[in-house]
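UniProt numbering numbers the first residue of the sequence shown as 1 and each following residue consecutively.
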Amino acid sequence: MAGSNQPDLKIRDTPSVDPMLWETATLALPPAYVYTATTGSFQTQLSWSDTPLTNFDVLVPLTLGIKYGKDLTLKPGDPATTMGTVALSVAQEPNLQILFQSVVAGVTPSTGIAPSSSATPGASITSTPSQPSASVPTSETAASTSAVTSGSQPKTTNGGLSTGATAGIAIGCLAAGALLAGLILWFCWRRRGSKTQYSDTNTYALASNEKGFSANAIPLTGEPSSAYTSGGGLPQPLEDKAISGDVSKISNAIKNHVQSYYHTSHVSPGLIDCDDLQALGSSLPISVGTLTTLMGNAATREIALRFIIAWVVVSKIQPSKDPSKSLLPSEVAQCYQAITTGDRGYQAQASLMAHWRVMTAELMQSSYVRNPFSPSDSRHASIQATLATLDNVLQPYADTRMNNGERKRNLEELLKRVALFAFTLFSQPSAWKFEWQEEHGVTSGELCIFPALVQVVDEAGQPVSPPRPFSEAVVRRLDA
């Protein structure tokens, strides 16, 4: 575009329009004025009712906006003129379009501004009102009008209102609209914050990484326990995939721990203490002698170590009358010991136990869900005892190239992961058990190194027969 041929941008005043309207102004340029360069700018002028207000540059590519700052006084002819905050954006089209927000406060046909008749052909802007998106209270409109008309009469347009009065009305309405929009956004933000507050606290902690994991927050039930406040039933149970996913993470964490911190080199038989293996439990599916042989063989050592860790931690997931035999809080074991001595029928007992577990877990959230493993957490004792039992067996096979303190910390975090999952299962209305697939014994040339989780009682307290599997067992061949 040549500088001398730049069209002026003129705003044609719009009478009888509702307040706070979004409008589209079209700048119809002759073909000779279409700017074809990919970068650069051209200067043009913005006028109000034939009165030049300011000059501004239009940048190309024509996707950038032209924005006037706030708190500036409207003075016709002043290059720094602004109407509140006015943003003009230009789209790269054959006919350029300028989009802007027009704010008109309560203009009526009798006091409206007459359209300008001196717009330059091919270079004027005409406004097309759309549906109102907001309104200005009558009292505010009246106040703005009286404030404009009470002073001296400046230069007026054909309709009787001065340019300054029109601009003042526009600025006032723009400010009111911005304030109203801010209040609406603030209110919506507060509503959203209060709605998600429970989901931030009603959580259980679960480790995120497989080798160096730490406690993070994961939703426990997904929805607030509004049923309690309304006298209804129990919270909704977790989805199946959440439970099966946690089981898979524990199995993978055991595998990664063994593969990361233990070697397959020769170990002197004198370093293996059978008493330490006996401490793993009296109901091992394989004999201590066979387990010793598997650990001494480099080809089967990883399988044996994974089985040992899984056997110990899984046996401590379920409630027990002995707090040392469970990774659940000691308070749970004490109460469990007292309530499992009743003489009720199986179905009645199962239903009552389900309610007891869910409500107990709900009431314990502040100690074991929102702030897990605080100094007062009763699970620390059982975690440390389990850590010592496992380390007595695992220590002779620890890789000396790895930091021993890091190895033990990783094993401790694994036990915390299991303790958190134990509390998750405890909080569900269903009942579960782990199946070790005993048919895959050593004599078959295979060994189940991680059990399958199955549901034996559903949410209604009814037995599930056959048990419903939630995860698959991990079975490995014992190829020497």
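Backbone N, C-alpha and C define an ideal beta-carbon position, used for all residues, glycine too.
Would residue i pass as an interface residue toward chain D - the criterion being a Cβ-Cβ separation below 8 angstroms?
{"i": "L180", "result": "Protein chain content of the structure displayed is limited to a single chain, and chain D is not contained in it."}
Would you mind reading off the limits of the alpha helix (DSSP H) that contains residue i?
{"i": "Y261", "result": "D240 to Y261"}
{"i": "L328", "result": "Looking at the DSSP string, L328 is not in any alpha helix (DSSP H), and its letter there is neither H nor E."}
{"i": "R379", "result": "R379 to L394"}
{"i": "R301", "result": "R301 to V314"}
{"i": "Y368", "result": "Q365 to Y368"}
{"i": "D275", "result": "C274 to Q278"}
{"i": "V267", "result": "No alpha helix (DSSP H) contains V267, which DSSP labels as neither H nor E."}
{"i": "M295", "result": "V288 to G296"}
For a quick check, are the C-beta atoms of residue i and residue j less than 8 angstroms apart?
{"i": "L327", "j": "L414", "result": "no"}
{"i": "A452", "j": "A422", "result": "no"}
{"i": "F470", "j": "V454", "result": "yes"}
{"i": "W436", "j": "P285", "result": "yes"}
{"i": "R306", "j": "T264", "result": "no"}
{"i": "R407", "j": "A398", "result": "yes"}
{"i": "R417", "j": "I250", "result": "yes"}
{"i": "I308", "j": "L280", "result": "yes"}
{"i": "G182", "j": "A354", "result": "no"}
{"i": "T262", "j": "L394", "result": "Here the sequence assigns Tyr to residue 262, which means Thr is not the residue at that position. Contact: yes."}
{"i": "D276", "j": "N392", "result": "yes"}
In or out: residue i buried (at least 16 other Cβ within 10 Å) or exposed?
{"i": "A361", "result": "buried"}
{"i": "R409", "result": "exposed"}
{"i": "T424", "result": "buried"}
{"i": "S117", "result": "Reliability of the predicted coordinates at S117 is poor, the pLDDT of 35 falling under 50, and no value is obtained from them."}
{"i": "P235", "result": "buried"}
{"i": "L294", "result": "buried"}
{"i": "D273", "result": "exposed"}
{"i": "G177", "result": "buried"}
{"i": "K316", "result": "buried"}
{"i": "residue 485", "result": "In the structure displayed, the chain extends from 1 to 480; residue 485 sits before or after that span and is not available."}
{"i": "L363", "result": "exposed"}
{"i": "L179", "result": "exposed"}
{"i": "G405", "result": "exposed"}
By Cβ distance, which residues of its chain are closer than 7 angstroms to residue i, with the 5 residues on each side in sequence left out?
{"i": "residue 491", "result": "Because the chain in this structure spans residues 1 to 480, residue 491 falls outside the shown range and cannot be described."}
{"i": "S330", "result": "P323 and S378"}
{"i": "P237", "result": "Q428, P429, S430 and E459"}
{"i": "Q278", "result": "V288"}
{"i": "V314", "result": "F434 and P451"}
{"i": "A385", "result": "S324"}
{"i": "V267", "result": "G296, P396 and Y397"}
{"i": "A333", "result": "P319, S320, K321, D322, P323 and S326"}
{"i": "S351", "result": "G461"}
{"i": "R468", "result": "V454 and Q455"}
Excluding the 5 residues flanking residue i on each side, which residues of the same chain have their C-beta closer than 6 angstroms to its C-beta?
{"i": "T340", "result": "none"}
{"i": "D246", "result": "F421"}
{"i": "Q337", "result": "K321"}
{"i": "E412", "result": "L387"}
{"i": "T389", "result": "A279"}
Could you pull out every residue in the same chain whose Cβ sits closer than 8 angstroms to the Cβ of residue i, ignoring the five residues on either side in sequence?
{"i": "V475", "result": "Q437, H440, E446, L447, C448 and I449"}
{"i": "H380", "result": "F373"}
{"i": "S244", "result": "L453, F470 and S471"}
{"i": "V358", "result": "L234, P235, S427, Q428 and P429"}
{"i": "D240", "result": "F470"}
{"i": "V312", "result": "L280, G281, T386, T389 and L390"}
{"i": "I184", "result": "none"}
For residue i, verify whether its CB is less than 7 angstroms away from any heavy atom of the ligand COA.
{"i": "A452", "result": "No copy of the ligand COA occurs in the structure displayed, which carries no ligand at all."}
For this session: Note down, one range per segment and in chain order, each beta strand (DSSP E) of at least 3 residues found wholly within the region 412 to 475.
Result: Runs of the beta strand (DSSP E) inside the region 412 to 475: 431 to 435, 446 to 450, 452 to 457 and 463 to 469.
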